[in-house]
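These notes concern the structure reproduced below.
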Amino acid sequence: MSFWYRNGVCSNNPHSHRQDRHSFKRKTRARHKASALLALCGIGIAAHAQDTPPPGITASFDVTQRLEYSDNPDLEIEDDPDFFGRTILAFDLESATPLENFTLSLGTDIEEGRNDRATVDATNSFVQLGYDRATRNANIGTTLRYRESDTSSTFLDDDFDSDGRVLNQDSGTRQNYGFGLTGAVGVEAPIGASFSLDYSELRYSGTEDPDLTDRSTLDTSAQINFRIDPRIIARLTTKYIDFDAQGNGTSRETTGFGAGVLLEFTPLLTGDFSASYDTIERSGDETGTNEGTSFSAELTRTLTNGTLGATLSSDVSSNSDGRRAFFAVNREMNLSRRAALSYSLGGTRSENSSFEPLVDIDYSYALPTSQITFGLSQRFNTDSDNEEQINTTLNAGYQHQINNLSSFGADVSLFDRNELGPLADDARRINLSLSYQYALTRDWGLVSGVSHILSTSESEDDRSSNTVFIGLQRNFSWNP
39 MSFWYRNGVC
49 SNNPHSHRQD
59 RHSFKRKTRA
69 RHKASALLAL
79 CGIGIAAHAQ
89 DTPPPGITAS
99 FDVTQRLEYS
109 DNPDLEIEDD
119 PDFFGRTILA
129 FDLESATPLE
139 NFTLSLGTDI
149 EEGRNDRATV
159 DATNSFVQLG
169 YDRATRNANI
179 GTTLRYRESD
189 TSSTFLDDDF
199 DSDGRVLNQD
209 SGTRQNYGFG
219 LTGAVGVEAP
229 IGASFSLDYS
239 ELRYSGTEDP
249 DLTDRSTLDT
259 SAQINFRIDP
269 RIIARLTTKY
279 IDFDAQGNGT
289 SRETTGFGAG
299 VLLEFTPLLT
309 GDFSASYDTI
319 ERSGDETGTN
329 EGTSFSAELT
339 RTLTNGTLGA
349 TLSSDVSSNS
359 DGRRAFFAVN
369 REMNLSRRAA
379 LSYSLGGTRS
389 ENSSFEPLVD
399 IDYSYALPTS
409 QITFGLSQRF
419 NTDSDNEEQI
429 NTTLNAGYQH
439 QINNLSSFGA
449 DVSLFDRNEL
459 GPLADDARRI
469 NLSLSYQYAL
479 TRDWGLVSGV
489 SHILSTSESE
499 DDRSSNTVFI
509 GLQRNFSWNP
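In the numbering used here, the protein residues as written are 39 to 518.
Pasting the structure below:
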């Protein structure tokens with residue numbers, strides 16, 4: 039295990055992974071105003087995601103101290119340059135057994151010596167606690183999470199996916215916290231059941247932007263499975279989603295009851311079909327009720343080098359645009375022992391709006407000492423003002439291991455918000471970074487890098503920031 043995998047300077051950034059019906063693959067990465075080492079972490083994160091936790095207890099503590107110079111550290115329209123120190127702290131604890139797993143992650147950035155601040159500031163703080171237990175026929179899992187970040191410079195891909203307004207540039211603090219609970223019984227029995235509950239809350243402070251709205255979301259669902267035959271699994275489903283937007287936002291309460299079936303037509307061809315009767319009630323800045331039947335159909339064919347699939351769905355809309363339909367063709371393939379490609383090509387349209395394409399691409403190519411990654415995702419979203427958006431994220435990275443002691447990384451990210459309403463306010467943000475790392479000893483490393491950020495919006499002046507940093511990093515690990 040290399041020093042840079044164990045001691046990545048991105049270790050203080052929380053990571054999460056998820057998939058949804060209209061997004062082929064999701065990768066979440068934290069975006070910091072001085073994240074020139076983000077590209078390096080791509081190799082370590084990818085490798086770690088595929089590892090099975092070894093039994094026992096493992097703990098690690100990372101400390102990074104570096105000097106930074108930025109011509110616009112807070113990404114303001116006009117700001118003075120600053121030279122200051124940053125300390126990055128991260129702690130991870132994991133306890134694993136064949137049946138259960140416990141994880142704890144926490145960290146923060148500490149800024150020292152800022153010209154406009156008399157005190158030491160803690161930024162980008164987070165804590166995440168997780169526990170899951172699984173047997174052959176049942177499982178349960180729970181998570182607790184908290185994250186605090188600066189509204190003008192830091193956000194996660196998931197923040198942007200769910201609301202493109204995070205690109206709005208205004209000073210202040212964003213707080214995310216929540217919890218989740220999942221469980222299942224009768225996993226391999228003729229009759230089984232499962233449930234999912236997730237609560238998340240977003241709070242803003244110190245900002246005057248009316249579009250940065252406090253909100254909370256309660257998302258619950260339950261399902262009963264009937265294993266009629268090894269090739270036929272039927273299900274009954276129910277869901278309840280309460281999206282509560284404060285201020286001038288629009289709240290939405292969604293209920294649904296449905297049924298579905300998973301069919302294995304042949305060993306190589308499967309189908310998944312579902313339908314539900316949904317009701318969406320709106321309150322707040324916009325009021326009304328939409329109800330009707332939502333349905334989806336998916337076919338998946340297993341090929342010699344991957345899978346080929348197609349999905350079609352039609353959902354009850356949460357606004358006055360009528361029903362919204364989605365269509366996509368999905369493909370996953372292993373191009374060679376070193377390369378993999380997956381993509382989804384499709385689009386969406388409503389009864390009262392034009393067709394909008396949706397594309398997802400995920401490509402990776404690994405050489406003995408380097409790796410190339412490329413990701414493009416487009417997601418349809420309805421924000422807290424009940425306005426529709428197409429949010430596009432592009433990530434490209436190159437990492438190269440120069441020798442056993444040093445490595446180099448480059449990273450490019452693009453976030454684009456395309457609002458579909460008549461009063462659209464589109465925005466874009468570009469992040470560029472270069473990094474160099476050198477392992478001084480097994481546990482000490484030299485880290486350095488440069489980064490550039492450009493943020494544009496139709497309603498605001500352009501903003502840009504350039505940052506250079508150099509520092510030292512130390513890792514402490516414990517595995518009794």
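Note that beta-carbon positions come from the ideal geometry of N, C-alpha and C, so glycine has one too.
For this session: Would you please state the rounded distance, in angstroms, between the beta carbons of Tyr436 and Ile410? I believe it to be under 8 Å.
Result: 6 Å
Exercise. Expressed to the nearest angstrom, what Euclidean distance is found between the alpha-carbon atoms of Ser503 and His438?
Worked result: 26 Å
Problem set entry | For Leu205, the three-state DSSP class (helix, strand or coil) | helix
For this session: Indicate whether the contact test is met: 3 or more Cβ pairs, each with one atom in the region 383–396 and one in the region 360–368, closer than 8 Å.
Result: yes
For this session: Would you mind listing the beta strand (DSSP E) stretches within the region 333–405 that are 3+ residues and don't spill past its ends, in chain order?
Result: 344–353, 362–372, 377–388, 394–405
For this session: Give the straight-line distance between the Cα atoms of Glu426 and Asn419, rounded to the nearest whole angstrom.
Result: 6 Å
Problem set entry | Neighbourhood of Asp353 by C-beta, 6 Å cutoff - its chain only, sequence neighbours within 5 removed | Ser332, Arg362
For this session: Give the secondary structure of Gln284 by DSSP, where H, G and I count as helix, E and B as strand, and everything else as coil.
Result: coil
For this session: Out of Phe453, Ser408, Arg455, state which residue places its alpha-carbon closest to the alpha-carbon of Ile440.
Result: Ser408
For this session: Name the two residues that bound the continuous beta strand (DSSP E) containing Ala448.
Result: 444–457
For this session: For my contact list, Phe129 and Phe99 are in at a C-beta cut-off of 8 Å; report their separation, rounded to the angstrom.
Result: 5 Å
For this session: Identify every residue that forms a DSSP beta bridge with Ser163.
Result: Answer is none; Ser163 lacks a bridge partner.
For this session: Taking all protein chains shown into account, decide if Arg501 is buried (16 or more other Cβ within 10 angstroms of its Cβ) or exposed.
Result: buried
Exercise. In chain order, what residues of the same chain lie with their CB nearer than 6 Å to the CB of Leu142, ignoring the 5 residues before and after it?
Worked result: Leu131, Leu167
Exercise. So what's Val158 in DSSP terms, helix, strand or just coil?
Worked result: coil
Problem set entry | Bounding residues of the beta strand (DSSP E) (the contiguous stretch that carries Asn504) | 498–516
Exercise. Which runs of the alpha helix (DSSP H) spanning at least 4 residues fall entirely within the region 208–259, listed in chain order?
Worked result: none
For this session: Would you check if the distance between the CB atom of Thr288 and the CB atom of Asn456 is smaller than 8 Å?
Result: no
For this session: Mind checking who Thr325 pairs with in its DSSP beta bridge?
Result: None; Thr325 has no bridge partner.
For this session: Check whether the Cβ atoms of Asp316 and Glu336 sit closer than 8 Å, and answer yes or no.
Result: no
Problem set entry | Exposure label - Arg269; buried when at least 16 CB within 10 Å | exposed
For this session: Would you identify the three-state DSSP class for Ser108, choosing helix, strand or coil?
Result: strand
Problem set entry | Beta-carbon proximity check, Ser422 vs Arg241, cutoff 8 Å | no
Problem set entry | Reduced DSSP secondary structure (H/G/I, E/B, other) of Asp464 | coil
Exercise. What do you get for Asp267, buried or exposed, if any count of 16 or more other CB atoms within 10 angstroms of its CB means buried?
Worked result: exposed
For this session: Name the one or two DSSP bridge partners that Phe122 has.
Result: Glu106
Exercise. Helix, strand or coil: which one does DSSP assign to Ala441?
Worked result: Per the sequence shown, the amino acid found at residue 441 is Asn instead of Ala. Reduced to three states, the DSSP call for Asn441 is coil.
For this session: In angstroms with no decimal places, state the Cα-to-Cα distance between Pro111 and Thr102.
Result: 19 Å
Exercise. What's the gap between the Cα of Ser186 and the Cα of Asp159?
Worked result: Correcting the residue identity first, residue 186 is Glu in this sequence and not Ser. Distance between the alpha carbons of Glu186 and Asp159: 12 Å.
For this session: Can you check DSSP and say which residues form a bridge with Leu131?
Result: Ala97, Leu142
Exercise. Since Val485 contacts Arg171 with CB under 8 Å, what's their CB separation in whole angstroms?
Worked result: That belief does not hold up - the Cβ atoms of Val485 and Arg171 are roughly 38 Å apart, past 8 Å.
Exercise. Given 8 Å as the limit, is there contact between the region 257–265 and the region 385–401, that is, 3 or more CB pairs closer than that?
Worked result: no
Problem set entry | Other residues of its chain near Asp58: CB distance less than 6 Å, five sequence neighbours each side excluded | The predicted position of Asp58 is uncertain, since its pLDDT is 38 and thus under 50; no value can be drawn from it.
For this session: Identify, in the order they occur along the chain, each residue of the same chain with its Cβ nearer than 6 Å to the Cβ of Ala348, setting aside the five sequence neighbours on each side.
Result: Leu337, Val367
Exercise. From Asp120 to Asn153, what distance separates their C-alpha atoms?
Worked result: 7 Å
Exercise. Identify the residues that DSSP records as bridge partners of Asn175: which are they?
Worked result: Asn175 pairs with nothing; no bridge assigned.
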